[in-house]
Amino acid sequence: MALGKENFGFNFSLGTLSRKIDCLRYTLLSFSIFSWILGVVVFALCIWLKSDQSFHRWVEDLQIYEFYIGIYIILFGSCLLIFTSCLSCLFIANENVKGLRIMTIIYMLKYACGLIGAALLLNYSTNNSAIQPVIKESMLQLISHSQNDSRAHTLRLIQESIGCCGANGANDYLEFKKPLPPECRDSVTGHTYFHGCVDELTWFLEEKAAWLAGVSMFLCLFDVSNIKFSFYSTVLYQFIQKPYLKNV
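Each residue of the sequence shown is one higher than the one before, starting from 1 at the first, in the UniProt record's numbering.
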């Protein structure tokens, strides 16, 4: 039986409609499974960054907690995606229209979390980003109070581990009338490190965050596909479940 255009704009037989629904169902199922895998990967990357104790200590010592804001948002989004992908498979198998509507909304929320989280993570981890003034202020505070044993130890640990000197370079010590510490020099050549810790730490943070932000934004592409296929499936299921079509 041919169907009129007044019904959701479709104009094809129920057999054709059924094949289209099956195609959408398996496509959405495949995307849901792959999204679940990527969600687990993103979750693992977030936990890895949070569980790195040496890195966490630098965050605490330099008070750059802003770096974690994007990670927390991405972590929440990945948990949401893992849960949603499992439910999506269940709703697809049962042809649950209400469930698919809910999934569409949750996928939109996950898309927003992934995009905002990645943007904030990059905003607090890249060169010329908002994190650099925070690192600079913390480094200058450490240098100005380097007579304190605890702060001197923190400063020495950062400069030795990263291979940097001062906030913007060795001149920071001259401005504070402080002697240049041995850790500001290369242990092999004896030359003073050229780059300050602001640049070196930013590059270090960028390297840490790049993979997570990249995977998160890549996952946003799948969220868009999941939103689209979930919406189309909902419309088609609604259409085929109309009372006057059940006896066709």
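Cβ coordinates follow ideal geometry from the N, Cα and C atoms, glycine included.
Predicted model, so just to flag it, every value in this text is computed and none were measured.
Residue i - containing alpha helix (DSSP H), residue span
i           : result
Pro181      : It is not in any alpha helix (DSSP H) - Pro181 carries neither H nor E in the DSSP assignment.
Lys136      : Ile131 to Ser144
residue 308 : Since the first residue of the chain shown is 1 and the last is 248, residue 308 is not available in this structure.
Ala152      : Asp149 to Ile162
Residue i - partner residues in DSSP beta bridges
i      : result
Thr234 : For Thr234, which the question treats as bridged, DSSP gives no partner whatsoever.
Thr192 : Arg185
Spatial distance of residue i from residue j (CA atoms)
i           : j      : result
Phe222      : Ile37  : 12 Å
Gly196      : Ile47  : 29 Å
residue 250 : Ser32  : Residue 250 falls outside the range modelled here, since the chain spans only 1 to 248, and no answer is possible.
Leu63       : Lys178 : Before going further, note that residue 63 is Gln rather than Leu in the sequence given. Rounded to the nearest angstrom, the two C-alpha atoms are 23 Å apart.
Thr202      : Ser30  : 38 Å
His145      : Arg151 : 7 Å
Asn171      : Asn148 : 20 Å
Met139      : Val198 : 8 Å
Tyr65       : Asp186 : 29 Å
Val224      : Val41  : 19 Å
His153      : Cys164 : 15 Å
Val97       : Gln238 : 7 Å
Leu109      : Ala213 : 17 Å
Leu24       : Leu100 : 12 Å
Lys50       : Cys86  : 25 Å
Asn128      : Phe176 : 25 Å
Cys220      : Leu155 : 39 Å
Tyr107      : Thr84  : 8 Å
Tyr143      : Ile92  : Note that residue 143 is Ile in the sequence shown, not Tyr. One C-alpha to the other measures close to 60 Å.
Leu234      : Ile105 : At residue 234 the sequence reads Thr, which differs from the Leu that was named. Approximately 12 Å, taken between the alpha carbons.
Pro133      : Glu200 : 13 Å
Same chain, Cβ closer than 7 Å to residue i, neighbours up to 5 away in sequence not counted
i      : result
Cys79  : Phe43
Phe67  : Val59, Tyr124, Ser125, Ile131 and Leu205
Phe76  : Cys113
Ser216 : Val42, Ile74, Gly114, Gly117 and Ala118
Close-in-space but distant-in-sequence residues of the same chain around residue i (CB under 8 Å, 5 per side omitted)
i      : result
Glu160 : Glu183
Cys89  : Leu29, Ser32 and Ile33
Tyr111 : Cys220, Asp223, Val224 and Ile227
Own chain residues within Cβ distance below 6 Å of residue i, not counting five before or after
i      : result
Gly39  : Ser78, Leu81 and Ile82
Ile102 : none
Gly70  : Gly117, Leu120 and Leu121
Lys136 : Ala167 and Val198
Val188 : none
Glu95  : Tyr237
Gly169 : Gly196
Contact with chain B by residue i, beta-carbon distance below 7 Å
i      : result
Ala170 : No chain B appears in the structure shown, which is made up of a single protein chain.
Note down, one range per segment and in chain order, each beta strand (DSSP E) of at least 3 residues found wholly within the stretch 44-116. Fully enclosed beta strand (DSSP E) runs of 3 or longer: not present.
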